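Residue numbers (the numbering used here): 349 to 637.
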């Protein structure tokens, strides 16, 4: 039985990131798939540049710009969900660059697999700033966005997460109290309600710029740790403390073992700096006690 074309709603939260949003929208405008809309949700107090949308999209595309005053990207995504018309909701971020066949491949997989409720794909890292040190790039290349592993565990990061609208209507949207980790919590709810109906696809791909400094990596880690604290508090962190020592070695063996010894040492150096920064936060918040 031939399925009718699937309409996709692309939902993009943004916070004072108009320049990179324009690049994301430009990539979507070159999509090989036609039946889609784009919903941009501004989560800041500033306004979009007046010519932003007209510069990127012609009159044949449907783009909506919304405002969400409640702070947090999950609140912004929920606002986008409220206005979405598509059967599939494709989440990405303003700093991402979807590949030209991203939407086409999303539609293909859902049309070929009617039982699917949530999918994701790879998020390839690239240097937005050519001055990014090699050790920071290599660390993020091997440690960031392990989507294949994420989907095996039942969730996907929202930089590249696609969900049937009917699933969200059943289980609800994102937890707006979360500042980080809400994608994991949401994805596990989908998987819990629809076991065996999530999948990773290598050809559903977006690009993402690496963070240019160790301070930016720390900032992301801090956001993740505080998000996990809100969700799990003490019961998570004895294990986290132990994993802080072994996880970097495990990741290097799993993903970077074919690289040079010099590059592996660079990766481990940044990995342990990031991990010990997280442990310092946990002790500060007395999360082990």
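Glycine included, every Cβ here is placed at the ideal spot set by N, Cα and C. These numbers were taken from a predicted model, which means no experiment stands behind them.
| Asked | Found |
| --- | --- |
| For the stretch 620-636 against the stretch 568-579, do three or more pairs of beta-carbon atoms, one drawn from each stretch, fall closer than 8 Å, so that the two count as touching? | yes |
| Which residues in the same chain have their Cβ closer than 7 Å to the Cβ of residue 633, if we skip the five residues on either side of it in sequence? | 577 |
| For the putative contact between residue 515 and residue 446, defined by C-beta atoms under 8 Å, what is the C-beta separation to the nearest angstrom? | About 21 Å; that fails the 8 Å criterion. |
| Can you check whether the C-beta of residue 513 is within less than 7 Å of a C-beta belonging to chain B? | This model lacks chain B altogether, as it is built from one protein chain only. |
| Just how far apart, CA to CA, sit residue 356 and residue 505? | 18 Å |
| In chain order, which continuous runs of the beta strand (DSSP E) of length 3 or greater are located wholly inside the stretch 392-447? | 410-415, 436-439 |
| With distances taken between CB atoms, is the gap from residue 441 to residue 614 smaller than 7 Å? | no |
| Measuring alpha carbon to alpha carbon, tell me which of 476, 628, 460 ends up nearest residue 367. | 476 |
| What is the rounded straight-line gap between the Cα of residue 596 and the Cα of residue 488? | 12 Å |
| Indicate whether residue 509 and residue 575 have their beta-carbon atoms separated by less than 7 Å. | no |
| Within a Cβ cutoff of 6 Å, which residues of the same chain sit near residue 539, ignoring the five residues on either side of it in sequence? | 502, 546 |
| Would you say residue 594 touches the ligand ATP, meaning its beta carbon is less than 6 Å from a heavy atom? | This structure does not include the ligand ATP; it has no bound ligands of any sort. |
| Rounding to the nearest angstrom, what Cα-Cα distance links residue 382 and residue 618 in this structure? | 42 Å |
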